[in-house]
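Trainee: Shown below is the structure under consideration.
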Amino acid sequence: MTEKLSRRLVLSVPAALWAGGAFAQQKEPFRFGALMPTTGPEAGYGLDFVKTYEMAVKDINDNGGVAGRPLEMIVLDTQAKPELAINAANKLIEVNKVSVIITAWSSVVKAVAPIANRTATLELNMGANSPDIANLGEYVYTVFPLAEVDVTALAKYTREKLGKTKAAVLYINNDTGIGGAKIYRDVFTSAGGQVVAFEAYDPKATDFTGVLLKARVGNPDVVHIHGLSELPQVIAQMRQLGMLQQVTSYSSGYNPKLLAQLGPAAEGLIVTSLAPTATTNPNVAKLLDLWKQVGRAPNGLPYLQYAWDSTVVVADLFAWVDKNKLPVTGENLRKALLEIRTFDLPMTGKLVVTDDHRIKKPVYLYVVKNGQFTPLDTIA
Amino acid sequence: MEYLASTGVLIGIYIILATSYNLIIGYGGLNTIAHPIFFALGAYTAALLGIDTGLPAVICIAAGIGVAVVASVALAVTTLRVSGDYLLIASLGFQLGLLQAVNNLDFTGGPAGLSNIPLTLGGPARGWLYLMITAALALVVIWLAQRSMAGPFGRAVRAMRDDEVACAALGRGPFAMKVVIFAFGCGAAGLAGGMYAYYYQYISPEQFNVAQSATILTMVVLGGLGTIWGPVIGAFVLVALPQAITFLQLPSSLVGPLQGLIFTSLVIVFLFLRPQGLVGTPVAGAAP
Numbered sequence: 154m155t156e157k158l159s160r161r162l163v164l165s166v167p168a169a170l171w172a173g174g175a176f177a178q179q180k181e182p183f184r185f186g187a188l189m190p191t192t193g194p195e196a197g198y199g200l201d202f203v204k205t206y207e208m209a210v211k212d213i214n215d216n217g218g219v220a221g222r223p224l225e226m227i228v229l230d231t232q233a234k235p236e237l238a239i240n241a242a243n244k245l246i247e248v249n250k251v252s253v254i255i256t257a258w259s260s261v262v263k264a265v266a267p268i269a270n271r272t273a274t275l276e277l278n279m280g281a282n283s284p285d286i287a288n289l290g291e292y293v294y295t296v297f298p299l300a301e302v303d304v305t306a307l308a309k310y311t312r313e314k315l316g317k318t319k320a321a322v323l324y325i326n327n328d329t330g331i332g333g334a335k336i337y338r339d340v341f342t343s344a345g346g347q348v349v350a351f352e353a354y355d356p357k358a359t360d361f362t363g364v365l366l367k368a369r370v371g372n373p374d375v376v377h378i379h380g381l382s383e384l385p386q387v388i389a390q391m392r393q394l395g396m397l398q399q400v401t402s403y404s405s406g407y408n409p410k411l412l413a414q415l416g417p418a419a420e421g422l423i424v425t426s427l428a429p430t431a432t433t434n435p436n437v438a439k440l441l442d443l444w445k446q447v448g449r450a451p452n453g454l455p456y457l458q459y460a461w462d463s464t465v466v467v468a469d470l471f472a473w474v475d476k477n478k479l480p481v482t483g484e485n486l487r488k489a490l491l492e493i494r495t496f497d498l499p500m501t502g503k504l505v506v507t508d509d510h511r512i513k514k515p516v517y518l519y520v521v522k523n524g525q526f527t528p529l530d531t532i533a
Numbered sequence: 116m117e118y119l120a121s122t123g124v125l126i127g128i129y130i131i132l133a134t135s136y137n138l139i140i141g142y143g144g145l146n147t148i149a150h151p152i153f154f155a156l157g158a159y160t161a162a163l164l165g166i167d168t169g170l171p172a173v174i175c176i177a178a179g180i181g182v183a184v185v186a187s188v189a190l191a192v193t194t195l196r197v198s199g200d201y202l203l204i205a206s207l208g209f210q211l212g213l214l215q216a217v218n219n220l221d222f223t224g225g226p227a228g229l230s231n232i233p234l235t236l237g238g239p240a241r242g243w244l245y246l247m248i249t250a251a252l253a254l255v256v257i258w259l260a261q262r263s264m265a266g267p268f269g270r271a272v273r274a275m276r277d278d279e280v281a282c283a284a285l286g287r288g289p290f291a292m293k294v295v296i297f298a299f300g301c302g303a304a305g306l307a308g309g310m311y312a313y314y315y316q317y318i319s320p321e322q323f324n325v326a327q328s329a330t331i332l333t334m335v336v337l338g339g340l341g342t343i344w345g346p347v348i349g350a351f352v353l354v355a356l357p358q359a360i361t362f363l364q365l366p367s368s369l370v371g372p373l374q375g376l377i378f379t380s381l382v383i384v385f386l387f388l389r390p391q392g393l394v395g396t397p398v399a400g401a402a403p
């Protein structure tokens, strides 16, 4: 009898698990939207974000989903353009009935914000760092540190730890560049430094000689460049003009492609990163392994770590709402975000959402040494 | 559904833009690509007035139209004495220069744009109310275009377009006619800008760049240059089609390229097979 029972038990457990799994898959999924540039000039990053979301969603579903229900993502293309994002957001909310949307790129986050606030849909920024994002309304939050986190840390470090006294600040003339450059200037100045040049360049520029020569006139001992994909060209032209000063930049500079493009000219460059590396966090190694299956290196690994973690945040919000037997609405998801507040995330560590719509994260500083990003310091 | 209403509002705004642009380029034969900057002037004027003064939206949008008209007259009196390629280059300079100014001024929000435009017509029916207003305004613009182009003034404008010297010889003042249709077309673009700013509550310079000219021009050419209903159909097709593709349940990596492919294929097919557009009639002696 005992043997029979045991046999039945042994046979029934996998069957029940299979049935339970199948049931979970049949259940109505928790849906969230993602507005990403899958075409256009920013698609290089956007497609890798989407791929990482897909990996994270699969990982969550393979581990039983969220409260027994599968997680489902609906992606719409924005080309990183606000006008396309507006209609895509309307479609996600009205047609696909999502209550939470993940966005990136400052202009897209801002364009979607009025819709999110009007329709009580939670908007989570996972990649834009414009400081204005903290003031976009009650339904707009960020899970990605805004510019003041890493730029403030970098400016203070440059002034106080490296002892630099005169800085030239060059920046791309867009939302990201202006916001970041102003923070650097203000922090560096209030720490007792002097900003000898504060020059913008056009986002489509390919020749930076003019702004570099203006910077050289001030004889700075550090040049902070707040740029995006054009950063290697700016540094290369700076070196060609004989400017050998220390260069600093923010997290967009933490990219292996930059090292490949610049070669020896990258030596000494200090950049920030807002996420730990594979050597300090084994989960990052797992993400890199998944990318090896894709067959190529991902673009902007730290950003992808945030992409993964933003999916985990969304899953945690759904789980909280389900646990508290509340309907899945933007209002309740926002309530969940503020109730949970502290998230322990696999790729980037602890995340604390503050009342002022910002988050707290440590800043990792790297310096380029022998063609490699080498850890310089960590600022908590 | 708010989504349908939102798409409808966008179609309405583009109908106003395409119809007004058609008056300038299709009927008037004035090769300008500065239409987006008048769209921007209307949007920024309405938005800034709304934010800084709290005036009613109607007044702010009317002011946007006024600024667009004044700017268009300023451009017209200085550049409409030239035509063809020269006008094209002058209008390009105006478009790029003014947008650079918008991009670099603090009070316009610079590249970050303006994101705190006051909410008007709140509530669940907001989208439908905006759709009705935009549709009504689009109909008014179409009606005005139709009325003005059907009468003696319209015939004189077409005569000017086809042969400016002959038109002047008949006692008509081509320059005054150019200024009038330019001001009317740009004023309508300002109206579209004001509606855009109040409906979407966020504007930035990149929404009004020169690529908008290509979009509006494609709407006009696809529908039928120099026709009343052509730009309306062109605006409808080019706004609705990309939206329809998103319903095909295709992978996200396919949707974008497919949209681009259909857009460019439509332009090429129409240029070769039906240059007069969807509703235009073939011109004698023109390529079939």
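As given, the protein sequences belong to chains A and B, one line each in that order.
Just so we're aligned: 464 in the numbering used here is position 311 of the first sequence, and the numbers increase by one with no gaps anywhere.
Just so we're aligned: 244 in the numbering used here is position 129 of the second sequence, and the numbers increase by one with no gaps anywhere.
Backbone N, C-alpha and C define an ideal beta-carbon position, used for all residues, glycine too.
#1: Would you say B/G237 reaches chain A, if we count a Cβ-Cβ gap shorter than 9 Å as a contact?
#2: Closer than 9 Å, CB to CB, is B/V370 near chain A or not?
#3: Can you check which of these residues, A/V375, A/Q386, A/G380, is closest to A/A400 by C-alpha distance?
#4: Can you name the start and end residues of the alpha helix (DSSP H) that A/E420 belongs to?
#5: Going by beta-carbon coordinates alone, are B/M275 and B/G165 separated by less than 9 Å?
#6: So with CB distances below 8 Å, who are the chain B contacts of A/A266?
#7: Compute the beta-carbon to beta-carbon distance between A/G346 and A/I254, rounded to the nearest angstrom, for a pair I have assumed lies under 8 Å.
#8: Where does A/E291 fall in DSSP's three states?
#9: Would B/L386 pass as an interface residue toward chain A - the criterion being a Cβ-Cβ separation below 9 Å?
#10: How should A/E276 be labelled, buried or exposed, when 16 other C-beta atoms within 10 angstroms of its C-beta is the threshold for buried?
#11: Out of A/L397, A/V304, A/T359, A/N243, point me to the one whose CA is closest to A/F341's CA.
#12: What separation, rounded to the nearest whole angstrom, lies between the Cα atoms of A/D462 and B/A240?
#13: Does A/L321 come out as helix, strand or coil in the three-state DSSP assignment?
#14: Within 8 Å, do at least three Cβ pairs link the segment 516-529 of chain A to the segment 274-291 of chain A?
#15: Give a yes or no on whether 9 Å exceeds the smallest Cβ distance from A/R271 to chain B.
#16: The beta strand (DSSP E) that contains A/P528, what's its start and end?
#17: Keeping to the same chain, check which residues put their C-beta closer than 8 Å to that of A/D509; ignore five residues upstream and five downstream.
#18: Taking the CB atoms as reference points, tell me whether A/L454 and A/A428 lie closer together than 9 Å.
#19: From the DSSP output, which residues share a beta bridge with A/L275?
#20: With distances taken between CB atoms, is the gap from B/T168 to B/V182 smaller than 9 Å?
#21: Comparing alpha-carbon positions, which option in B/G237, B/V272, B/S380, B/G286 lies nearest B/A172?
#22: According to DSSP, simplified to helix, strand and coil, what is B/H150?
#23: Which residue wins for smallest C-alpha separation from B/V336, given the options B/F351, B/I360, B/T194?
#24: In chain A, which residues lie with their C-beta within 8 Å of the C-beta of B/T122?
#25: Is there at least one Cβ from chain B nearer than 9 Å to A/I331's Cβ?
#26: Between A/P194 and chain B, is the shortest Cβ-Cβ distance under 9 Å, so that the two count as touching?
#27: May I ask you to report which of helix, strand or coil DSSP gives B/Q391?
#28: A/H377 and A/G330 - do their beta-carbons sit closer together than 9 Å?
#29: Counting only C-beta atoms, is A/N326 closer than 9 Å to chain B at any point?
#30: When burial is assigned at 16 or more other CB atoms within 10 Å of the CB, is A/K317 buried or exposed?
#31: By a C-beta neighbour count over all protein chains shown, 10 Å radius and 16 as the cutoff for buried, is B/M116 buried or exposed?
#32: With distances taken Cα to Cα, identify the nearest neighbour of B/G308 among B/I296, B/L244, B/K293, B/L252.
#33: A/V375 lies in the beta strand (DSSP E); which residues open and close that run?
#34: Taking the alpha-carbon of A/V262 as reference, which of A/V251, A/L457, A/R449, A/P284 has the nearest alpha-carbon?
#35: For chain B, find out if any of its Cβ atoms is closer than 9 Å to the Cβ of A/S260; answer yes or no.
#36: Use the C-beta contact count for A/P385: other C-beta atoms within 10 angstroms, 16 or more gives buried, fewer gives exposed.
Mentor: The answer reads as follows:
#1: yes
#2: yes
#3: Strictly speaking, residue 400 of chain A in this sequence is Val, with Ala absent from that position. Of A/V375, A/Q386, A/G380, the residue nearest in Cα terms is A/V375.
#4: A/E420 -> no alpha helix (DSSP H), and no H or E assigned at all.
#5: no
#6: S230, Y317
#7: Going by Cβ atoms, the distance from A/G346 to A/I254 rounds to 40 Å, so no, they are not a contact pair.
#8: coil
#9: no
#10: buried
#11: A/V304
#12: 36 Å
#13: Sequence inspection shows Ala at residue 321 of chain A; the Leu mentioned does not correspond to that position. Strand, per DSSP.
#14: no
#15: yes
#16: 525-532
#17: A287
#18: yes
#19: A/V253
#20: no
#21: B/G237
#22: helix
#23: B/F351
#24: N240, N243
#25: yes
#26: no
#27: coil
#28: no
#29: yes
#30: buried
#31: exposed
#32: B/L252
#33: 375-379
#34: A/P284
#35: yes
#36: buried
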